[in-house]
Amino acid sequence: MSVQIHHSVSRPSGRDWRPAISRGLRCRCPSCGQGKLFRAFLKPVDICESCGEALYHQRADDLPPYIVITIVGHIVVGGLVLAEKYANWPLWLHMAVWVPLTIILALALMQPVKGGVIGLQWALRMHGFDGTPDLPERQPGASPGSRP
Ligand SMILES: [Zn+2]
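Residue numbering for the sequence shown follows our numbering, starting at 2 and increasing by one per position.
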């Protein structure tokens, strides 16, 4: 008895990750770059209004906050160390500068970074972006409680 393996499954063409991430960073659809990627601050649209690309497959999850924490941490801690070493600021000035800067940078970076992560997932055909059906609980309109 022999087993035959067929390699006739055609693989979808590759997607360039660079423009996909760039479009996501601009909060635009990673496929066409025209349609809006977000319907609310961190809520992506289900379908691109411009090209019809299904975007509900995204599963950015915790990666955008980790990236934002890394970026903001390097800026704020680096600035704090430099100010402490060269400027000898009083404590109240450190609090007045670094706390608001941390909050502003985190809020300003979160949406573009999430867009970039969604663009990368789209380019790599992760989750449902490869054209295969996604899990029922990931379909648009599924109740939030049904998500794992
Ligand atoms: Zn689009």
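C-beta: ideal position from N, C-alpha, C; glycine also.
- Between ligand 1 and the CB of residue 49, the shortest heavy atom gap is smaller than 6 angstroms.
- Residue environment for residue 104: exposed (fewer than 16 other C-beta atoms within 10 angstroms of its C-beta).
- Across the structure, residue 124 and residue 106 are spaced so that their CA atoms are roughly 27 angstroms apart.
- With contact defined as three or more Cβ pairs closer than 8 angstroms, the stretch 56–75 and the stretch 107–120 are in contact.
- Judged by beta-carbon spacing, residue 28 lies within the 7 angstroms limit of residue 38, meaning their Cβ atoms are closer than that value.
- Using a Cβ distance threshold of 7 angstroms, residue 25 and residue 117 count as a contacting pair.
- For residue 45, DSSP records a beta bridge to 39.
- Straight through space, the alpha carbons of residue 102 and residue 51 are spaced by roughly 35 angstroms.
- Separation of residue 126 and residue 96 (C-alpha to C-alpha, rounded to the nearest whole angstrom) is 44 angstroms.
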